[in-house]
Amino acid sequence: MRFTIAREKLQEGLSAVTAAVPTKTTLPVLANILLETTDKGIRLSGTDLDIAVSTEVLADVETQGSITIPAKKLAEIARELPSAPVKMSSAGEQKVTLECGRSRFKLLGLPRDEFPSFPTVRFNESWRVRSGDLQKLIGHTAFAASTEESRPILNGVLWELRPERMRMVATNGHRLSKMELPITSEGAPSGDLIVPPKALEQIRKLFPAEEDLEIARGDNHLAFRSPFTSVFTRLIEGPYPNYEQVIPKDNDRVALADKNVLAQSLRRMSIIASDQTHRIRLAFNAGMLKLGVQTPDLGEAQDEVPINYEGDPLEIGFNANYLIEILRYMPTDEVRLTFKAAERAATIEPEGWKDDARYLGLVMPLKLID
Amino acid sequence: MPIIPLYGHEALRARLASAHARGALPPSLLLHGPRGVGKQRLALWIGQMLLCDSDGDRPCGACRHCRYVLDLAHPDLRWFFPRPRLPNPDPRTQDVLDDFVDAIGERRKSNGLYSAPGGSEALYVATVRAILQLASLTPAMGRRKIFVIGDAERMVSQEGSDQPANAFLKMLEEPQADTQIILTSSEPGSLLPTIRSRAIAVRVPPLVEPASRSFLGDPVVNAALDRLDLPASLEQRIELMEGAPGMLLESADRAQAIAAAREFLDAVSQGRAEWSRAVAKMSAARARGFFADVLDAMTVQLHARLRGAAGRSDASRVTAIAHSIEHIEDAKVRVDGNVNPQLLGASIAREVATWSLS
């Protein structure tokens, strides 16, 4: 194998795949990336067997071949190289020589055969999605997935794909985030997938917003493909909880509030809130929201926020952090909050959002202790 | 360097392979039998058989899946066993998995030859949470995921601490269709009844003599045994092994336990001050493992003394020693609950002193 590549191109390829390389593994070859020559250049691949990333970058190939090289060391070398063409060649299956300007390195690799093969996924029945749309869904929902390890199913993000729309939902059982976008993916089957947030985060970072992606499901993996890059991820198994039954349909008390003013007030109150429950009290009155918090052994605080509210007075408790987090992801300056009663779930939606997407946040209330 | 082959158990292997071929292999198995007979190695073999993609006999030993299993590196065959508690009191799944990368690395380095876990090693709740996390994912390479849980009775780390076992129960109650669970235990009675009832029990017998000879004929095994303080002759080693290769690996530990038991019984016969010192020398924790071995050795030594007293027709001493043996047997039951060894030691010393001082 022998090829010449621009240092920037080598770095571009490496930065795409090294995030998938594990720091600790029982399979030593996984600490390496696979380098293979192609018709147009070289393909770099890395995997921790949960996520696999493969990307092709332009290079001038003299002799075809493939080898695996320690990923971390190659990335460190590429970062320190001068801005000059990089010549790489391998003698046999285990030695790679890298030359750039007057610098010269010899690295020990491992044979290509030891590198696990990537999952087989057929793209004949695939969904087509613009990467920017996917980034929007991921960016607005994945944060709400549970980080608790007791219910693995909630550690994933539910992704519902239908021929005319796609929707992502994430929840930790106390708060929920849901976003839906129209798509046109004719001929693609419907599918409900539970995807680990770590994989979604990689996908969000890896594909430029303007790229069109093909997405297909194999037996055990979900695959994303653009002209030069492919990503494979394992999925979380099992039925996702029926979140629809938690989303209230009859919340008849509506408040409109300035997102930033409300978030600032919540942050102020959360300073005094209990470290365990983060409980605060919200009292909705005509034209005014009164926020209050009282924590034994610490103190108390009150604040007021002008709002547009005309329903009956309502006192309700929340985990301040959940409200702050949901407000952070609201795309409009004004938000719409809806309630039914102090013991029922509240929803938060963007107000006046001129977008094809539909977005909803939900927070379960906390019982107020008098 | 791959782990050593599985020796013996041919009839059992044939039964399991036949059940798999008929699609009748239960999704949850409990391999039980005497300590050291190779239950966990057999479990790994079952996993290899299930993952092998050869068109011929499985496991073929040559395909990529087989090679990964034999290198203890297959991402779909997860092997868990008792480990010391991690320094972080509430470790994350990644901490547990990193610890197992090291532990598996050690077992790979010793070609899959290892001795029984120490007394404080257990399958703690963080380990079970990690298992549940891995079980929730689709397989990485194969068609299914296999979880081998060695010394599964250690999910109850001590009497009353059954949180890990109860967490694991969820996985047994609602197994994924692509998941095979293989528990192993030499003390199945110590498993929660709810776990025992949800796994199909398969008895793993000691190795028959030809299999023992094959095991001892393996050069890798020989090299490992030569590093231990063992008799050199093959016949003596076969006798010492009693069909359980693991016991041979533990024989150095057993010799230590025999010496500790003798020292303890001698101290008890020398008066309260001596036996107090002997009790204080015992560990304040870790009843399982070494302390359990010491109790076994005490029983053997008291039986010898009982035979001596019977030979002298000393009926009252025979009765007293028999009473002490019964007391130690009770203590062994408490050891399963990981009761403080010093408390048990004091109780035994008081009992033995009633006759050994007179």
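Sequence lines, in order, name chains A and B. Quick note, the working numbering runs 1165 ahead of the 1-based positions in the first sequence. Quick note, the working numbering runs 66 ahead of the 1-based positions in the second sequence. The C-beta atom is built at its ideal place from N, Cα and C for all residues, glycine as well.
Query raised in the report: Three or more beta-carbon pairs under 8 Å between the stretch 1382-1391 of chain A and the stretch 1432-1447 of chain A, yes or no?
Result: no
Requested in this report: Return the Cβ separation of T1398(A) and D1213(A) in integer angstroms, given the expectation that the two are a contact with Cβ distance under 8 Å.
Outcome: Not really, about 11 Å apart at Cβ, beyond 8 Å.
Query raised in the report: With respect to the beta strand (DSSP E) encompassing L296(B), which residues constitute its N-terminal and C-terminal limits?
Result: Careful: L296(B) lies outside any beta strand (DSSP E) and carries neither H nor E.
Query raised in the report: So A206(B) packs on D142(B), CB below 8 Å; how close in whole Å?
Result: 6 Å
Query raised in the report: Are three or more beta carbon pairs between the stretch 248-260 of chain B and the stretch 100-115 of chain B nearer than 8 Å?
Result: yes
Query - 6 Å CB neighbourhood of M1495(A) in its chain, flanking five on each side removed - result: K1424, P1515
Report task. With Q1410(A) as the anchor, note down where its alpha helix (DSSP H) starts and where it stops. Result -> Bounds of any alpha helix (DSSP H) do not take in Q1410(A), whose DSSP letter is neither H nor E.
Report task. Quick one: list the residues of chain B neighbouring H1149(A), beta-carbon separation under 8 Å, in chain order. Result -> This structure cannot settle anything about residue 1149(A), because the visible part of chain A is limited to 1166 through 1535.
Report task. Determine, using beta carbons only, whether M67(B) comes closer than 8 Å to chain A. Result -> Contacts with chain A at 8 Å (Cβ-Cβ) do not include M67(B).
Query raised in the report: Can the beta-carbon of L1479(A) be found closer than 8 Å to that of Q1467(A)?
Result: No, the pair does not count as a contact, with Cβ atoms beyond the cut-off.
Query raised in the report: For a contact meaning CB atoms closer than 9 Å, what does I170(B) contact in chain A?
Result: T1191
Query raised in the report: What residue range is occupied by the uninterrupted alpha helix (DSSP H) comprising R81(B)?
Result: 76-87
Query raised in the report: List, in order along the chain, the chain B residues whose C-beta lies closer than 9 Å to that of G1403(A)?
Result: The answer, in chain order, is S202, E240, Q242.
Query - DSSP-derived helix/strand/coil call for Y237(B) - result: For clarity, residue 237(B) is Met in the given sequence; the question names Tyr instead. Per DSSP, reduced to three states, the secondary structure at M237(B) is helical.
Requested in this report: Over the uninterrupted beta strand (DSSP E) stretch that includes H98(B), give me the two end residues.
Outcome: 94-98
Requested in this report: At 7 Å on the CB atoms, spell out the chain B contacts of P1399(A), in chain order.
Outcome: As written in the sequence, residue 1399(A) is Arg, which differs from the Pro given in the question. Annotation: Cβ neighbours of R1399(A) in chain B (cutoff 7 Å, chain order): L203, T204, A206.
Query raised in the report: Is it right to say V1286(A) is buried, meaning 16 or more other beta carbons lie within 10 angstroms of its own, or is it exposed?
Result: buried
Requested in this report: Show which residues of chain B have a CB atom less than 8 Å away from the CB atom of D1215(A).
Outcome: Result: L203, A206.
Report task. Would you check if there are 3 or more beta carbon pairs closer than 8 Å linking the stretch 1330-1341 of chain A to the stretch 1261-1271 of chain A? Result -> no
**Report entry** Limits of the beta strand (DSSP E) - the one that M67(B) falls within
**Finding:** Run containing M67(B): none; DSSP gives neither H nor E here.
Query raised in the report: Across which residues does DSSP place T1285(A) in a beta bridge pair?
Result: According to DSSP, T1285(A) bridges with nothing at all.
Query raised in the report: On the three-state DSSP scale, how would you describe W111(B)?
Result: helix
Query raised in the report: K1343(A): buried (16+ other C-beta within 10 angstroms of its C-beta) or exposed?
Result: buried
Requested in this report: For R269(B), I'd like the list of residues in its chain whose CB is within less than 7 Å of its CB, leaving aside the five on either flank, ordered along the chain.
Outcome: H98, G99
Report task. With DSSP as the reference, label F1372(A) as helix, strand or coil. Result -> coil
**Report entry** Within-8 Å CB hit, P1281(A) to chain B
**Finding:** yes
Query - Extent of the continuous alpha helix (DSSP H) to which C1265(A) belongs - result: Careful: C1265(A) lies outside any alpha helix (DSSP H), inside the beta strand (DSSP E) at 1260-1265.
Requested in this report: Pull out every residue of the stretch 186-198 of chain B whose Cβ sits closer than 7 Å to any Cβ of chain A, in chain order.
Outcome: R195, L198
Report task. Would you list, in chain order, the members of the stretch 1292-1320 of chain A that have their beta-carbon closer than 8 Å to a beta-carbon of chain B? Result -> E1314, S1315, P1317, I1318, N1320
Requested in this report: Figure out for me which residue from P285(B), M364(B), D292(B), L78(B) has the closest Cα to the Cα of Q322(B).
Outcome: Nearest C-alpha to Q322(B): M364(B).
Query raised in the report: Would you report the Cα separation of L1179(A) and L1365(A), rounded to the nearest angstrom?
Result: The straight-line gap from Cα to Cα measures roughly 19 Å.
Requested in this report: Confirm the yes/no value for this check: CB of V135(B), any heavy atom of the ligand MG, distance under 7 Å.
Outcome: Within the structure as shown, the ligand MG is missing, as the structure has no ligands at all.
Requested in this report: State buried or exposed for T1463(A), treating a residue as buried only when at least 16 other CB atoms are found within 10 Å of its CB.
Outcome: This sequence places Leu at residue 1463(A); Thr is not what is there. Exposed, by the Cβ-count rule.
Query - Endpoints, beta strand (DSSP E) assigned at W145(B) - result: 143-146
Query - Segment limits, beta strand (DSSP E) that includes D359(B) - result: For D359(B), no beta strand (DSSP E) run applies; the uninterrupted alpha helix (DSSP H) run containing it begins and ends at 358-377, by DSSP.
Query raised in the report: Beta-carbon separation of L96(B) and A267(B) under 8 Å?
Result: yes
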